[in-house]
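Working notes, beginning with the structure itself.
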Amino acid sequence: MGLDATRFAVNMAKPGIKIEEIVEKTLSLVDKKGYGKYVSSFMGHGIGLETVEDPYIVRGVDMELKENMVLNIEPGITITDFAGVRIEQEVIVKDEPEVITKTEDKLW
198 MGLDATRFAV NMAKPGIKIE EIVEKTLSLV DKKGYGKYVS SFMGHGIGLE TVEDPYIVRG
258 VDMELKENMV LNIEPGITIT DFAGVRIEQE VIVKDEPEVI TKTEDKLW
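Heads up, the final residue of the sequence shown is numbered 305 in the numbering used here, and it's a clean run with no missing numbers.
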């Protein structure tokens, strides 16, 4: 489910989409799969001069994505005292989002 959530959120990283929409729709997807109580609303952040910077991909951020913004998308699922997963992808916001992470998009 962690990989599915990441792929889903990455595919939404398009110009004009609001950050809150990415968060809410990804939370809804995870909830429908039965993991809603294990997911955080923190789903990533911007990358620029700093490794972690605005915009933060969290609930309540009404900002629209702009073309060529660079984001780190990383929805996380954590089952306390058992396991967790947070798969990160760096993506350039475009009409067809461009993943620039160099590792394969798969579970190891």
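Beta carbons: idealized from backbone N, C-alpha and C, even for Gly.
Reduced DSSP category for residue i - H, G, I as helix; E, B as strand; rest coil
i           : result
residue 251 : strand
residue 223 : helix
residue 256 : coil
residue 267 : strand
residue 199 : helix
residue 210 : coil
residue 234 : helix
residue 291 : coil
Closest Cα partner of residue i within the set the options
i           : options            : result
residue 297 : 202, 200, 207      : 207
residue 274 : 224, 211, 215      : 224
residue 262 : 222, 237, 210      : 210
residue 213 : 259, 288, 204, 280 : 259
residue 266 : 256, 293, 278      : 293
residue 220 : 255, 278, 242      : 255
Whole-angstrom distance between residue j and residue i, CA atom to CA atom
i           : j           : result
residue 197 : residue 234 : For residue 197 there is no data in the structure shown, the boundaries of the chain being 198 and 305.
residue 284 : residue 264 : 23 Å
residue 248 : residue 240 : 15 Å
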